[in-house]
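The following block contains the structure:
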């Protein structure tokens, strides 16, 4: 099997509860940036302020969400301060990760369907998936250059 482990693979191995709590944290970061808030300017500013205060306030519910998400709350608070100071790089990373994860997931699903139709042996499937993973890895490296 390939040594390449994507962010999607690591996230997929988590429990549904961990993924949900990580989604809560990700939404808080999006709210803190102001993206996706469809409110009047007054309420938009209030929502941004509330999200930023929650991410940096070190409240009991924030710590509980971090514990359930299996992330360090102090590190998350530090990253939140950096994010609030300059959200552009982090939002670009969120966007790139979302595009990569959805694209990789779609490729894996389509490949699994093709393999199921071919009635290949498990060894043949592993060999083919290794080729697909290697191709995808090379493609991402080429795009990054």
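Numbering (UniProt numbering), first residue to last: 1 to 145.
Glycine is no exception: its CB is placed at the ideal position from the N, C-alpha and C atoms.
Cβ-Cβ separation, residue j to residue i (assumed contact under 8 angstroms), whole Å
i	j	result
residue 56	residue 80	5 angstroms
residue 84	residue 52	6 angstroms
residue 88	residue 107	Between residue 107 and residue 88 the Cβ distance is about 29 angstroms, and since that is not below 8 angstroms, they are no contact.
residue 129	residue 143	Not really, about 21 angstroms apart at Cβ, beyond 8 angstroms.
Where residue i sits in the DSSP three-state scheme
i	result
residue 145	coil
residue 134	helix
residue 35	coil
residue 7	Confidence at residue 7 is low in this model, with a pLDDT of 49, below 50, so its placement is unreliable and no value can be given for it.
residue 15	coil
residue 24	helix
residue 121	coil
residue 50	helix
residue 82	helix
Neighbour-count burial assignment, residue i, 16 or more Cβ in a 10 Å radius
i	result
residue 82	exposed
residue 5	Summary for residue 5: the model assigns pLDDT 40, below 50, so the residue's position carries little reliability, and this model does not support an answer.
residue 58	exposed
residue 76	buried
residue 60	exposed
residue 123	exposed
residue 23	exposed
residue 126	exposed
Residue closest to residue i, alpha-carbon to alpha-carbon, out of the options
i	options	result
residue 44	54, 123, 32	32
residue 73	129, 21, 124, 89	21
residue 29	16, 131, 121, 86	86
Check whether the segment 34 to 43 and the segment 62 to 70 touch, using three or more Cβ-Cβ pairs below 8 angstroms as the test. With a cut-off of 8 angstroms, the segment 62 to 70 and the segment 34 to 43 do not count as touching, because too few Cβ pairs lie within range.
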